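Colleague: What follows is a structure written as structure tokens; I'll ask about it next.
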Amino acid sequence: MQTGKPLYIQRKHYDYPDLPSGYQRTSVPLAVEGSLEGVRIREVHLEEDPGQYDPVSGSVDFNRSGIPLVEIVTEPDLRSPEEARRFLRLLTRVLEYTGKVRPEAGGAMRVDVNVSLEGGGRVEVKNINSVKGVYRALKFELQRQAERLRRGEKVKRETRAYLESQMITVPMRMKEFEEDYRYIPDPDLPPLFLEEEWVEEIRKRMVEPPHLREKRLVEEYGIPPSAARVITSERELADLFERVAKEVNPSFAADWFRTKLKKVLNYLGLRAGEVKFSVEQFLSLLKMVEGGRISREQGELVLRELVRKPREPEEILIELGLLPLEEEELGELIERVLEENEGAVEDYLRGREEALNFLTGKVLKASRGRADPREVVKRLRERLEERRGKD
53 MQTGKPLYIQ
63 RKHYDYPDLP
73 SGYQRTSVPL
83 AVEGSLEGVR
93 IREVHLEEDP
103 GQYDPVSGSV
113 DFNRSGIPLV
123 EIVTEPDLRS
133 PEEARRFLRL
143 LTRVLEYTGK
153 VRPEAGGAMR
163 VDVNVSLEGG
173 GRVEVKNINS
183 VKGVYRALKF
193 ELQRQAERLR
203 RGEKVKRETR
213 AYLESQMITV
223 PMRMKEFEED
233 YRYIPDPDLP
243 PLFLEEEWVE
253 EIRKRMVEPP
263 HLREKRLVEE
273 YGIPPSAARV
283 ITSERELADL
293 FERVAKEVNP
303 SFAADWFRTK
313 LKKVLNYLGL
323 RAGEVKFSVE
333 QFLSLLKMVE
343 GGRISREQGE
353 LVLRELVRKP
363 REPEEILIEL
373 GLLPLEEEEL
383 GELIERVLEE
393 NEGAVEDYLR
403 GREEALNFLT
413 GKVLKASRGR
423 ADPREVVKRL
433 RERLEERRGK
443 D
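What the sequence shown shows, in my numbering, is residues 53 to 443, in sequence order.
As structure tokens, this is what we get:
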């Protein structure tokens, strides 16, 4: 994307309740001619946030009025609500990766959408505050415009508001043309001169965007695209993965990130950046599971505790009574189960393989999750075959 310099601030004039000064400060384009995954970005500029006008009640919320914001303007390359939703999700991830946009901050990103069908005027729907809201507003507006055109009515050029509670759009004002804004240079704000060296320094510090990182993880670590997408959904999650993937099998680690860690985070309502456990603690847990010292099920129980209250996995195992059984303990447990279930033993010796599953379940239940299922099956089969040889 090309950066423009110097940066002049202008006054954009319009008369509306959300703007008591009668004008909005807005810059000339800060950058132009960019793109993101095939969607062209016309320009990026700075402007001040106006108030938020509610056309139903007639009230205005001035809490955010005057706060500077960045406006990203795309070319008309999006052809459906689904495409718009996909693009916004990617753009949100890219912005979050910079560390300058907090996903948990309400109103951190708001969207104005322009909608038009052939034969109708362009309609702008203002200040939609969620990706879901954008999708629903577009679905409604497309249906509304199509219905008017089908009936032979005009779709007039206007600005509308999206009412989230009713999932509809309502009129706000007639849509202005560019010349109606009467742009003039702001006499109170001098131009900003952006040195090329400063711009290049920032460019070098920029983090790898999520969509490119996702592709690299697939190529570099050989993990499935579905796992890479989950891992790169948060920058901190991807950073953690790349650190542990150097110590354990990347495919094994990717599966744990996708099916275990993300599941626990979602259940507890946490983001990866909010967890406090160390890389070493998490890596220690993965090595225990990968090496077969504890089962996947035990590992998931430890992971939940690790996320809730970080400490050494070994300590959590002791607290939960999940330390793996010693060989002697497991042997004694198997002998007791065999003695208490002679009927199942006889069934196995007569060729009923399902009896082994029954006995395995009994041992696992008696061990309270401390026994490795694979080791239990192996040891049980050995003992039963010994019995068969004696008979």
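For every residue, glycine included, the Cβ atom is placed at its ideal position computed from N, Cα and C. No experiment lies behind these values; they were computed from the predicted model shown.
1) What separation, rounded to the nearest whole angstrom, lies between the Cα atoms of Trp250 and Pro58?
2) Determine the direct distance from the alpha carbon of Asp307 to that of Glu299, and round the result to whole angstroms.
3) Suppose the cutoff is 7 Å on Cβ atoms and the five residues either side in sequence are ignored; what does the same chain contact list for Val389 look like?
4) Keeping to the same chain, check which residues put their C-beta closer than 6 Å to that of Asp129; ignore five residues upstream and five downstream.
5) Near Ala160, what residues of its chain come up, given a Cβ to Cβ distance below 8 Å and the 5 sequence neighbours on each side ignored?
6) Please go through the same chain and pick out, in chain order, the residues whose beta-carbon is closer than 6 Å to the beta-carbon of Arg268, but skip the five residues on each side of it.
7) Would you list the one or two residues that DSSP bridges to Asn115?
8) Counting pairs of beta carbons, one from the segment 358-371 and one from the segment 320-333, are three or more of them closer than 8 Å?
9) Quick one: is Glu260 buried, meaning 16 or more other Cβ sit within 10 Å of its Cβ, or exposed?
10) CB Gly421 to CB Gln333, shorter than 8 Å?
11) Which residue comes first and which comes last in the beta strand (DSSP E) that contains Ser168?
12) Are the CB atoms of Val80 and Gln62 nearer to each other than 8 Å?
13) For Gln195, is the classification buried or exposed, using 16 other Cβ atoms within 10 angstroms of its Cβ as the cut-off for buried?
14) With respect to the alpha helix (DSSP H) encompassing Pro120, which residues constitute its N-terminal and C-terminal limits?
15) Along the alpha helix (DSSP H) that carries Asn409, what are the first and last residues, could you check?
16) If distances are taken between C-alpha atoms only, which option among Asn393, Glu398 and Val428 comes closest to Ile346?
17) Measuring CB atoms only, is the segment 272-282 touching the segment 239-253, in the sense that at least three cross pairs come out at less than 8 Å?
18) Can you list the alpha helix (DSSP H) stretches of 4 or more residues lying completely in the segment 287-312, in chain order?
19) Would you report the Cα separation of Leu317 and Phe309, rounded to the nearest angstrom?
20) Identify which residue in Arg131, His65, Pro243 and Ile220 has its Cα closest to the Cα of Glu231.
21) Mapping the DSSP letters down to three states, classify Gln104 as helix, strand or coil.
22) Closer than 8 Å is the cut-off here; do at least three beta carbon pairs connect the segment 207-223 with the segment 169-189?
23) Let's test the definition: count the other Cβ atoms within 10 Å of the Cβ of Trp133 and tell me whether it reaches 16, buried, or not, exposed.
24) By the three-class DSSP mapping on this structure, what secondary structure does Met258 have?
25) Quick check on Arg431: buried or exposed, where buried means 16 or more other Cβ atoms within 10 Å of its Cβ?
26) What did DSSP end up calling Gln333 once you bin it into helix, strand or coil?
27) Helix, strand or coil: how does DSSP classify Gly223 here?
28) Based on Cα-Cα distance, which residue from Val146, Arg203 and Ala213 lies nearest to Arg188?
29) Output needed for Ala198: all residues of its chain with C-beta closer than 8 Å, excluding positions within five of it in sequence on either side, in chain order.
30) If I measure Cβ to Cβ from Leu147 and keep anything under 8 Å in the same chain, skipping five residues before and after, which residues do I get?
Modeller: Taking the structure as given:
1) Here the question's residue 250 lines up with position 198 in the sequence shown. Here the question's residue 58 lines up with position 6 in the sequence shown. Approximately 13 Å between the Cα atoms of the pair.
2) Residue mapping note: residue 299 aligns to position 247 of the sequence shown, counting from 1. Residue mapping note: residue 307 aligns to position 255 of the sequence shown, counting from 1. The straight-line gap from Cα to Cα measures roughly 15 Å.
3) Translated into the one-based positions of the sequence shown, residue 389 becomes position 337. Contacts found: Leu411, Lys414, Val415 and Ala418.
4) Here residue 129 refers to the residue found at position 77 of the sequence shown. Val91 and Arg92.
5) As a first step, residue 160 must be located in the sequence shown, where it is residue number 108. Counting only Cβ-Cβ distances below 8 Å, and skipping sequence neighbours, we find Val153 and Arg154.
6) What you label residue 268 is simply residue 216 of the sequence shown in a count that begins at 1. Hits under 6 Å: none found.
7) Position 63 of the sequence shown, counting from 1, holds the residue named residue 115. DSSP, once it has assigned bridges, lists no residue as partnering Asn115.
8) yes
9) Locating residue 260 in the sequence shown gives position 208, where the first residue counts as 1. Glu260 is exposed by the Cβ-count criterion.
10) The residue labelled residue 421 in the question sits at position 369 within the sequence shown. The residue labelled residue 333 in the question sits at position 281 within the sequence shown. In this structure, Gln333 does not lie closer than 8 Å to Gly421 by Cβ.
11) What you label residue 168 is simply residue 116 of the sequence shown in a count that begins at 1. Segment: none, Ser168 is in no beta strand (DSSP E) and carries neither H nor E.
12) Counting from 1 along the sequence shown, the entry for residue 80 is found at position 28. Counting from 1 along the sequence shown, the entry for residue 62 is found at position 10. Their beta carbons are under 8 Å apart, which means Val80 touches Gln62 by this criterion.
13) One-based indexing of the sequence shown puts residue 195 at position 143. Result: exposed.
14) Translated into the one-based positions of the sequence shown, residue 120 becomes position 68. Counting along the chain, Pro120 falls outside any alpha helix (DSSP H), though it belongs to the beta strand (DSSP E) covering Pro120 to Thr126.
15) As a position in the sequence shown, residue 409 is number 357, starting the count at 1. Start and end: Glu406 to Ser419.
16) The residue you call residue 346 lines up with position 294 of the sequence shown. Ranking the options by Cα distance to Ile346, first place goes to Val428.
17) no
18) 287-296 and 302-308
19) Position 265 of the sequence shown, counted from the start, is the residue given in the question as residue 317. Position 257 of the sequence shown, counted from the start, is the residue given in the question as residue 309. Computed Cα separation, rounded: 10 Å.
20) Taking the sequence shown and counting its residues from 1, the one referred to as residue 231 is at position 179. With distances taken between Cα atoms, Glu231 lies closest to His65.
21) Locating residue 104 in the sequence shown gives position 52, counting from the first residue. It is a strand residue.
22) yes
23) Taking the sequence shown and counting its residues from 1, the one referred to as residue 133 is at position 81. Strictly speaking, residue 133 in this sequence is Pro, with Trp absent from that position. So Pro133 ends up on the buried side.
24) Counted from its first residue, the sequence shown places residue 258 at position 206. Met258 falls in the coil class under three-state DSSP.
25) Sequence index remark: in the sequence shown, residue 431 carries index 379 (1-based). So Arg431 counts as buried.
26) Along the sequence shown, one-based indexing puts residue 333 at 281. In this structure, Gln333 counts as helix in the three-state DSSP scheme.
27) In the sequence shown, counting from the first residue as 1, residue 223 sits at position 171. According to the sequence shown, residue 223 is Pro rather than Gly. Three-state result, Pro223: strand.
28) Within the sequence shown, residue 188 is the residue found at index 136, counting from 1. Among Val146, Arg203 and Ala213, the Cα nearest to that of Arg188 belongs to Ala213.
29) The residue you call residue 198 lines up with position 146 of the sequence shown. Contacts found: Leu169.
30) The residue given as residue 147 occupies position 95 in the sequence shown. Closer than 8 Å at the Cβ level, and outside the excluded window around Leu147, lie Val153 and Met161.
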